[in-house]
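In our numbering, the protein residues as written are 149 to 509.
Beta carbons are placed, not taken as given, at the ideal position from N, Cα and C, and that holds for glycine.
Contents: one structure, followed by commentary.
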(Lines of atoms letter the chains of each structure in order from A; the text may use other names.)
(Lines give C-alpha, C1' and ligand atoms only; values in the text may rest on other atoms or scores of the structure.)
Protein backbone atom coordinates (compact mmCIF):
# COMPACT_ATOMS: atom_id res chain seq x y z
CA UNK A 149 0.00 0.00 0.00
CA UNK A 150 1.42 3.39 -1.00
CA UNK A 151 1.74 6.33 1.37
CA UNK A 152 -1.14 8.01 -0.46
CA UNK A 153 -3.33 4.92 -0.12
CA UNK A 154 -2.52 4.68 3.59
CA UNK A 155 -3.35 8.32 4.08
CA UNK A 156 -6.64 7.93 2.22
CA UNK A 157 -7.61 4.84 4.23
CA UNK A 158 -6.67 6.51 7.51
CA UNK A 159 -8.78 9.54 6.63
CA UNK A 160 -11.79 7.38 5.80
CA UNK A 161 -11.48 5.42 9.03
CA UNK A 162 -11.24 8.63 11.04
CA UNK A 163 -14.13 10.22 9.18
CA UNK A 164 -16.41 7.22 9.72
CA UNK A 165 -15.58 7.12 13.40
CA UNK A 166 -16.13 10.87 13.64
CA UNK A 167 -19.58 10.56 12.11
CA UNK A 168 -20.49 7.78 14.56
CA UNK A 169 -19.46 9.97 17.48
CA UNK A 170 -21.38 12.93 16.06
CA UNK A 171 -24.51 10.83 15.54
CA UNK A 172 -24.12 9.26 18.97
CA UNK A 173 -23.77 12.41 21.03
CA UNK A 174 -26.82 13.76 19.21
CA UNK A 175 -29.09 10.95 20.34
CA UNK A 176 -28.32 7.91 18.17
CA UNK A 177 -27.70 4.99 20.57
CA UNK A 178 -26.74 2.58 17.78
CA UNK A 179 -23.97 4.94 16.68
CA UNK A 180 -22.71 5.06 20.26
CA UNK A 181 -22.77 1.26 20.35
CA UNK A 182 -20.60 1.18 17.23
CA UNK A 183 -18.04 3.46 18.86
CA UNK A 184 -17.29 0.54 21.17
CA UNK A 185 -16.05 2.53 24.15
CA UNK A 186 -18.45 1.15 26.75
CA UNK A 187 -18.11 -1.81 29.12
CA UNK A 188 -21.90 -1.97 29.49
CA UNK A 189 -23.40 -1.98 25.97
CA UNK A 190 -26.72 -3.17 27.39
CA UNK A 191 -27.79 0.40 28.06
CA UNK A 192 -27.50 1.23 24.36
CA UNK A 193 -29.65 -1.78 23.50
CA UNK A 194 -32.30 -0.55 25.93
CA UNK A 195 -32.23 2.93 24.42
CA UNK A 196 -32.56 1.49 20.92
CA UNK A 197 -35.49 -0.66 22.03
CA UNK A 198 -37.30 2.21 23.74
CA UNK A 199 -36.69 4.67 20.89
CA UNK A 200 -39.17 2.99 18.55
CA UNK A 201 -42.07 0.54 18.53
CA UNK A 202 -40.44 -1.11 15.53
CA UNK A 203 -36.96 -1.23 14.04
CA UNK A 204 -34.80 1.75 14.96
CA UNK A 205 -33.49 3.74 11.98
CA UNK A 206 -30.01 4.92 12.81
CA UNK A 207 -28.54 8.00 11.19
CA UNK A 208 -25.81 5.65 9.97
CA UNK A 209 -28.44 4.33 7.56
CA UNK A 210 -28.96 0.95 9.20
CA UNK A 211 -32.18 -0.43 10.61
CA UNK A 212 -31.61 -2.02 14.03
CA UNK A 213 -33.89 -4.67 15.55
CA UNK A 214 -33.72 -5.58 19.22
CA UNK A 215 -36.95 -7.51 19.86
CA UNK A 216 -37.03 -11.29 19.65
CA UNK A 217 -39.85 -11.64 17.11
CA UNK A 218 -38.37 -9.14 14.65
CA UNK A 219 -34.87 -10.52 15.11
CA UNK A 220 -36.11 -14.05 14.45
CA UNK A 221 -37.92 -12.87 11.32
CA UNK A 222 -34.85 -11.18 9.86
CA UNK A 223 -32.47 -14.00 10.76
CA UNK A 224 -34.70 -16.76 9.40
CA UNK A 225 -36.16 -15.09 6.32
CA UNK A 226 -34.64 -15.78 2.88
CA UNK A 227 -35.55 -12.16 2.14
CA UNK A 228 -32.46 -11.08 4.05
CA UNK A 229 -28.91 -12.04 3.13
CA UNK A 230 -25.39 -11.50 4.42
CA UNK A 231 -24.28 -10.40 0.96
CA UNK A 232 -23.70 -6.66 1.11
CA UNK A 233 -22.81 -6.01 -2.51
CA UNK A 234 -21.79 -2.38 -2.88
CA UNK A 235 -23.70 -1.28 0.21
CA UNK A 236 -20.77 -1.57 2.62
CA UNK A 237 -18.31 1.26 3.12
CA UNK A 238 -15.00 0.84 1.31
CA UNK A 239 -13.08 0.52 4.60
CA UNK A 240 -15.33 -2.42 5.55
CA UNK A 241 -15.06 -4.30 2.25
CA UNK A 242 -12.07 -6.51 3.23
CA UNK A 243 -14.04 -7.98 6.13
CA UNK A 244 -17.30 -8.92 4.41
CA UNK A 245 -16.41 -12.56 3.71
CA UNK A 246 -15.02 -13.52 7.13
CA UNK A 247 -18.09 -15.71 7.70
CA UNK A 248 -18.58 -16.75 4.09
CA UNK A 249 -17.29 -20.32 4.45
CA UNK A 250 -19.92 -22.84 5.47
CA UNK A 251 -19.85 -26.27 7.02
CA UNK A 252 -19.94 -28.14 10.31
CA UNK A 253 -17.54 -27.24 13.10
CA UNK A 254 -14.33 -29.28 13.27
CA UNK A 255 -14.66 -32.61 15.04
CA UNK A 256 -13.05 -33.35 18.36
CA UNK A 257 -14.05 -30.26 20.33
CA UNK A 258 -15.58 -32.30 23.15
CA UNK A 259 -12.30 -34.16 23.61
CA UNK A 260 -10.54 -30.86 24.29
CA UNK A 261 -11.82 -30.87 27.89
CA UNK A 262 -8.66 -32.69 28.93
CA UNK A 263 -6.51 -30.04 27.25
CA UNK A 264 -8.28 -27.28 29.16
CA UNK A 265 -7.75 -29.20 32.38
CA UNK A 266 -4.05 -29.82 31.78
CA UNK A 267 -3.39 -26.29 30.53
CA UNK A 268 -4.95 -24.81 33.66
CA UNK A 269 -2.80 -27.04 35.86
CA UNK A 270 0.38 -26.05 34.03
CA UNK A 271 -0.42 -22.33 34.08
CA UNK A 272 0.31 -21.89 37.76
CA UNK A 273 -1.74 -20.46 40.58
CA UNK A 274 -2.49 -17.18 38.85
CA UNK A 275 -2.88 -16.66 35.09
CA UNK A 276 -4.83 -14.90 32.35
CA UNK A 277 -7.69 -17.17 31.33
CA UNK A 278 -7.84 -15.66 27.84
CA UNK A 279 -4.13 -15.83 27.06
CA UNK A 280 -3.41 -19.20 28.64
CA UNK A 281 -6.52 -21.13 27.63
CA UNK A 282 -9.41 -19.45 25.84
CA UNK A 283 -7.49 -18.13 22.84
CA UNK A 284 -4.88 -20.86 22.59
CA UNK A 285 -6.70 -24.17 22.87
CA UNK A 286 -9.25 -23.52 20.09
CA UNK A 287 -6.31 -22.94 17.75
CA UNK A 288 -5.10 -26.52 18.26
CA UNK A 289 -8.33 -27.95 16.92
CA UNK A 290 -8.44 -25.42 14.11
CA UNK A 291 -4.93 -26.31 12.96
CA UNK A 292 -5.88 -29.98 12.90
CA UNK A 293 -9.04 -29.10 10.94
CA UNK A 294 -6.93 -27.19 8.41
CA UNK A 295 -4.39 -30.03 8.25
CA UNK A 296 -1.46 -27.82 9.24
CA UNK A 297 1.66 -28.85 11.13
CA UNK A 298 5.18 -27.57 11.70
CA UNK A 299 6.17 -24.22 10.22
CA UNK A 300 2.83 -23.81 8.43
CA UNK A 301 1.00 -24.22 11.73
CA UNK A 302 3.20 -21.60 13.39
CA UNK A 303 2.60 -19.12 10.57
CA UNK A 304 -1.17 -19.60 10.62
CA UNK A 305 -1.28 -19.34 14.42
CA UNK A 306 0.38 -15.92 14.18
CA UNK A 307 -2.04 -14.88 11.43
CA UNK A 308 -5.04 -15.90 13.53
CA UNK A 309 -3.78 -13.63 16.31
CA UNK A 310 -3.26 -10.76 13.86
CA UNK A 311 -6.79 -11.06 12.45
CA UNK A 312 -8.57 -10.94 15.82
CA UNK A 313 -10.48 -7.73 15.02
CA UNK A 314 -11.89 -8.88 11.67
CA UNK A 315 -15.49 -9.42 12.81
CA UNK A 316 -15.62 -6.07 14.59
CA UNK A 317 -13.91 -4.22 11.74
CA UNK A 318 -16.90 -4.99 9.52
CA UNK A 319 -18.97 -2.47 11.52
CA UNK A 320 -16.55 -0.35 13.54
CA UNK A 321 -13.54 1.46 12.06
CA UNK A 322 -10.36 0.31 13.77
CA UNK A 323 -7.07 2.17 14.08
CA UNK A 324 -5.18 2.40 10.79
CA UNK A 325 -2.33 0.13 11.93
CA UNK A 326 -4.80 -2.45 13.25
CA UNK A 327 -6.81 -2.33 10.02
CA UNK A 328 -3.70 -2.85 7.90
CA UNK A 329 -2.53 -5.74 10.06
CA UNK A 330 -5.94 -7.42 9.95
CA UNK A 331 -6.36 -7.02 6.20
CA UNK A 332 -2.88 -8.45 5.59
CA UNK A 333 -3.50 -11.37 7.95
CA UNK A 334 -6.80 -12.27 6.26
CA UNK A 335 -5.16 -12.18 2.84
CA UNK A 336 -2.37 -14.47 4.06
CA UNK A 337 -4.84 -16.83 5.72
CA UNK A 338 -6.77 -17.07 2.47
CA UNK A 339 -3.55 -17.82 0.61
CA UNK A 340 -2.35 -20.38 3.19
CA UNK A 341 -5.62 -22.19 3.91
CA UNK A 342 -8.34 -20.89 1.60
CA UNK A 343 -11.76 -19.77 2.81
CA UNK A 344 -11.49 -22.18 5.74
CA UNK A 345 -8.50 -20.21 7.00
CA UNK A 346 -10.56 -17.04 7.11
CA UNK A 347 -13.36 -19.01 8.80
CA UNK A 348 -10.83 -20.13 11.41
CA UNK A 349 -10.10 -16.50 12.25
CA UNK A 350 -13.73 -15.96 13.24
CA UNK A 351 -13.92 -19.37 14.94
CA UNK A 352 -10.96 -18.63 17.21
CA UNK A 353 -12.34 -15.33 18.45
CA UNK A 354 -15.93 -16.51 18.88
CA UNK A 355 -14.81 -19.63 20.75
CA UNK A 356 -12.39 -17.68 22.96
CA UNK A 357 -15.04 -15.23 24.08
CA UNK A 358 -17.58 -18.01 24.62
CA UNK A 359 -15.09 -19.77 26.90
CA UNK A 360 -14.30 -16.57 28.76
CA UNK A 361 -17.94 -15.60 29.21
CA UNK A 362 -18.95 -19.11 30.30
CA UNK A 363 -16.25 -19.23 32.97
CA UNK A 364 -17.10 -15.71 34.14
CA UNK A 365 -20.79 -16.55 34.43
CA UNK A 366 -19.95 -19.68 36.42
CA UNK A 367 -17.72 -17.75 38.82
CA UNK A 368 -20.19 -14.88 39.23
CA UNK A 369 -23.34 -16.96 39.76
CA UNK A 370 -23.60 -18.03 43.43
CA UNK A 371 -23.28 -21.78 43.88
CA UNK A 372 -22.91 -22.56 40.18
CA UNK A 373 -19.23 -23.56 40.29
CA UNK A 374 -19.96 -26.11 43.02
CA UNK A 375 -22.94 -27.47 41.08
CA UNK A 376 -20.73 -27.90 38.02
CA UNK A 377 -18.04 -29.69 40.04
CA UNK A 378 -20.66 -32.10 41.38
CA UNK A 379 -22.26 -32.59 37.96
CA UNK A 380 -19.97 -31.80 34.99
CA UNK A 381 -22.86 -32.59 32.62
CA UNK A 382 -24.21 -29.19 33.66
CA UNK A 383 -21.59 -27.70 31.33
CA UNK A 384 -23.90 -27.93 28.32
CA UNK A 385 -26.64 -25.94 30.06
CA UNK A 386 -24.17 -23.31 31.26
CA UNK A 387 -22.84 -22.99 27.71
CA UNK A 388 -26.37 -22.62 26.33
CA UNK A 389 -27.28 -19.91 28.84
CA UNK A 390 -23.98 -18.17 28.06
CA UNK A 391 -24.89 -18.05 24.39
CA UNK A 392 -28.20 -16.44 25.35
CA UNK A 393 -26.79 -13.77 27.66
CA UNK A 394 -23.47 -13.20 25.85
CA UNK A 395 -23.72 -14.59 22.31
CA UNK A 396 -20.49 -15.13 20.37
CA UNK A 397 -21.65 -12.44 17.91
CA UNK A 398 -23.72 -9.67 19.51
CA UNK A 399 -24.60 -8.08 16.18
CA UNK A 400 -25.46 -9.72 12.86
CA UNK A 401 -25.74 -7.74 9.62
CA UNK A 402 -28.22 -8.69 6.92
CA UNK A 403 -29.42 -6.88 3.78
CA UNK A 404 -32.92 -7.00 2.33
CA UNK A 405 -32.99 -8.72 -1.06
CA UNK A 406 -36.46 -7.31 -1.80
CA UNK A 407 -38.84 -4.94 -0.06
CA UNK A 408 -39.74 -6.32 3.39
CA UNK A 409 -41.99 -5.35 6.29
CA UNK A 410 -40.60 -5.76 9.81
CA UNK A 411 -42.65 -4.68 12.82
CA UNK A 412 -44.65 -2.38 10.56
CA UNK A 413 -41.59 -0.71 9.04
CA UNK A 414 -41.07 -0.84 5.28
CA UNK A 415 -37.53 -2.04 4.57
CA UNK A 416 -36.39 -1.28 1.02
CA UNK A 417 -34.37 -3.71 -1.08
CA UNK A 418 -30.70 -3.25 -0.30
CA UNK A 419 -31.27 -1.71 3.12
CA UNK A 420 -28.94 -2.84 5.90
CA UNK A 421 -30.65 -4.45 8.89
CA UNK A 422 -28.58 -5.08 12.01
CA UNK A 423 -29.93 -7.74 14.34
CA UNK A 424 -28.89 -7.07 17.93
CA UNK A 425 -28.79 -10.75 18.90
CA UNK A 426 -27.65 -9.92 22.42
CA UNK A 427 -30.66 -7.65 22.92
CA UNK A 428 -33.19 -10.02 21.35
CA UNK A 429 -32.05 -12.80 23.68
CA UNK A 430 -32.89 -10.53 26.62
CA UNK A 431 -36.32 -9.51 25.36
CA UNK A 432 -38.52 -9.30 28.49
CA UNK A 433 -41.53 -10.29 26.38
CA UNK A 434 -39.92 -13.70 25.82
CA UNK A 435 -37.55 -14.37 28.72
CA UNK A 436 -38.52 -14.02 32.37
CA UNK A 437 -35.95 -11.96 34.26
CA UNK A 438 -33.87 -11.79 31.07
CA UNK A 439 -30.78 -10.31 32.70
CA UNK A 440 -30.48 -13.14 35.22
CA UNK A 441 -28.11 -16.01 34.38
CA UNK A 442 -30.25 -19.09 35.04
CA UNK A 443 -29.19 -22.56 33.91
CA UNK A 444 -32.54 -23.91 35.10
CA UNK A 445 -34.46 -21.56 32.81
CA UNK A 446 -37.43 -23.13 31.02
CA UNK A 447 -37.83 -20.80 28.06
CA UNK A 448 -40.64 -21.44 25.59
CA UNK A 449 -38.46 -20.25 22.71
CA UNK A 450 -34.77 -20.93 22.06
CA UNK A 451 -32.08 -18.31 22.20
CA UNK A 452 -31.25 -16.85 18.80
CA UNK A 453 -27.86 -17.22 17.15
CA UNK A 454 -26.22 -15.11 14.48
CA UNK A 455 -25.91 -17.97 12.01
CA UNK A 456 -29.61 -18.70 11.47
CA UNK A 457 -30.41 -19.28 7.77
CA UNK A 458 -26.68 -18.90 6.99
CA UNK A 459 -25.25 -21.92 8.83
CA UNK A 460 -21.50 -21.60 9.08
CA UNK A 461 -20.98 -23.69 12.23
CA UNK A 462 -19.40 -20.84 14.18
CA UNK A 463 -21.99 -20.50 16.94
CA UNK A 464 -21.96 -24.26 17.50
CA UNK A 465 -18.16 -24.33 17.49
CA UNK A 466 -18.11 -21.61 20.16
CA UNK A 467 -20.75 -23.35 22.27
CA UNK A 468 -18.96 -26.69 22.15
CA UNK A 469 -15.69 -25.06 23.18
CA UNK A 470 -17.39 -23.34 26.09
CA UNK A 471 -18.86 -26.65 27.24
CA UNK A 472 -15.51 -28.43 26.81
CA UNK A 473 -13.72 -25.78 28.86
CA UNK A 474 -16.30 -26.00 31.64
CA UNK A 475 -15.96 -29.79 31.78
CA UNK A 476 -12.19 -29.54 31.89
CA UNK A 477 -12.18 -26.88 34.61
CA UNK A 478 -15.11 -28.23 36.63
CA UNK A 479 -12.98 -29.55 39.51
CA UNK A 480 -11.00 -26.33 39.94
CA UNK A 481 -13.67 -23.65 39.45
CA UNK A 482 -15.02 -23.84 43.04
CA UNK A 483 -11.52 -22.78 44.17
CA UNK A 484 -11.05 -20.21 41.41
CA UNK A 485 -11.62 -16.46 41.76
CA UNK A 486 -11.06 -13.39 39.65
CA UNK A 487 -7.66 -11.90 40.41
CA UNK A 488 -8.21 -8.49 38.84
CA UNK A 489 -10.47 -6.53 36.52
CA UNK A 490 -11.80 -8.17 33.36
CA UNK A 491 -10.69 -6.03 30.42
CA UNK A 492 -12.79 -5.80 27.27
CA UNK A 493 -11.36 -4.73 23.96
CA UNK A 494 -12.44 -1.32 22.69
CA UNK A 495 -14.08 -0.91 19.28
CA UNK A 496 -15.57 -4.38 19.66
CA UNK A 497 -19.39 -4.11 19.39
CA UNK A 498 -19.77 -7.42 17.55
CA UNK A 499 -17.67 -9.72 19.73
CA UNK A 500 -17.40 -7.57 22.84
CA UNK A 501 -14.01 -9.24 22.96
CA UNK A 502 -12.36 -10.00 26.28
CA UNK A 503 -8.72 -8.93 26.29
CA UNK A 504 -7.74 -10.12 29.77
CA UNK A 505 -9.40 -12.20 32.48
CA UNK A 506 -6.96 -12.77 35.37
CA UNK A 507 -7.90 -15.68 37.63
CA UNK A 508 -6.36 -17.30 40.68
CA UNK A 509 -6.75 -20.87 41.90
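Inter-residue spacing [alpha-carbon to alpha-carbon] between residue 269 and residue 368:
Their Cα atoms are separated by approximately 21 Å.
What is the C-beta distance between residue 429 and residue 397, in whole angstroms, given that I count them as a contact (C-beta under 8 Å)?
Contact flag wrong, Cβ pair sits at about 12 Å.
From the DSSP output, which residues share a beta bridge with residue 276?
506.
For residue 357, the first and last residue of its enclosing beta strand (DSSP E)
If you look at residue 357, you'll find it isn't in any beta strand (DSSP E); it sits in the alpha helix (DSSP H) that goes 324-368.
Taking 8 Å as the cut-off, decide whether the C-beta atoms of residue 292 and residue 311 are in contact.
Cβ distance not < 8 Å, so residue 292 and residue 311 don't count as in contact.
Check each candidate in 214, 435, 502, 353 and name the one with the smallest Cα separation from residue 462.
Of 214, 435, 502, 353, the residue nearest in Cα terms is 353.
Give the straight-line distance between the Cα atoms of residue 242 and residue 381, rounded to the nearest whole angstrom.
Each residue's CA atom was taken as its position, placing residue 242 and residue 381 some 41 Å apart.
Contact under 8 Å by Cβ, residue 388 with residue 193
No, these two residues do not count as a Cβ contact at 8 Å.
Between the segment 356-374 and the segment 410-427, do three or more beta carbon pairs fall short of 8 Å?
Short answer: they don't touch.
contact_flag[the segment 472-479, the segment 296-311] where n(CB pairs < 8 Å) is 3 or more:
Judged by Cβ distances under 8 Å, the segment 472-479 makes no contact with the segment 296-311, as fewer than three pairs qualify.
Quick one: residues in its chain with C-beta nearer than 6 Å to the C-beta of residue 328, no 5 flanking neighbours on either side, listed in chain order?
Contacts found: none.
Spatial distance of residue 278 from residue 266 (CA atoms)
The alpha-carbon of residue 278 is positioned some 15 Å away from that of residue 266.
Whole-angstrom C-beta distance between residue 224 and residue 456, which should lie under 8 Å:
Indeed they touch by this definition, with Cβ atoms about 5 Å apart.
I'd like the list of long-range same chain contacts for residue 340, defined as Cβ closer than 6 Å, with 5 residues on each side in sequence excluded.
In chain order, 304 place their CB closer than 6 Å to the CB of residue 340, counting only its own chain and leaving out the 5 sequence neighbours on each side.
Rounded straight-line distance, which links the Cα of residue 331 to that of residue 445
One C-alpha to the other measures close to 41 Å.
Does the Cβ-Cβ distance between residue 465 and residue 393 come in under 8 Å?
Residue 465 is not a Cβ neighbour of residue 393, given a cutoff of 8 Å.
Measure the beta-carbon distance from residue 158 to residue 495 and round it to whole angstroms, keeping in mind my assumption that it falls under 8 Å.
Rounded to the nearest angstrom, the Cβ distance from residue 158 to residue 495 is 15 Å, too far for a contact under 8 Å.
According to DSSP, residue 299 sits in a beta bridge with which residue or residues?
In the DSSP secondary-structure assignment, residue 299 is not bridged to any residue.
Whole-angstrom C-beta distance between residue 349 and residue 139, which should lie under 8 Å:
The structure shown does not extend to residue 139, since the chain spans only 149 to 509, so no value can be given for it.
Any idea if residue 162 is buried or exposed, counting beta-carbon neighbours within 10 angstroms, 16 or more meaning buried?
By the 10 Å Cβ count, residue 162 comes out exposed.
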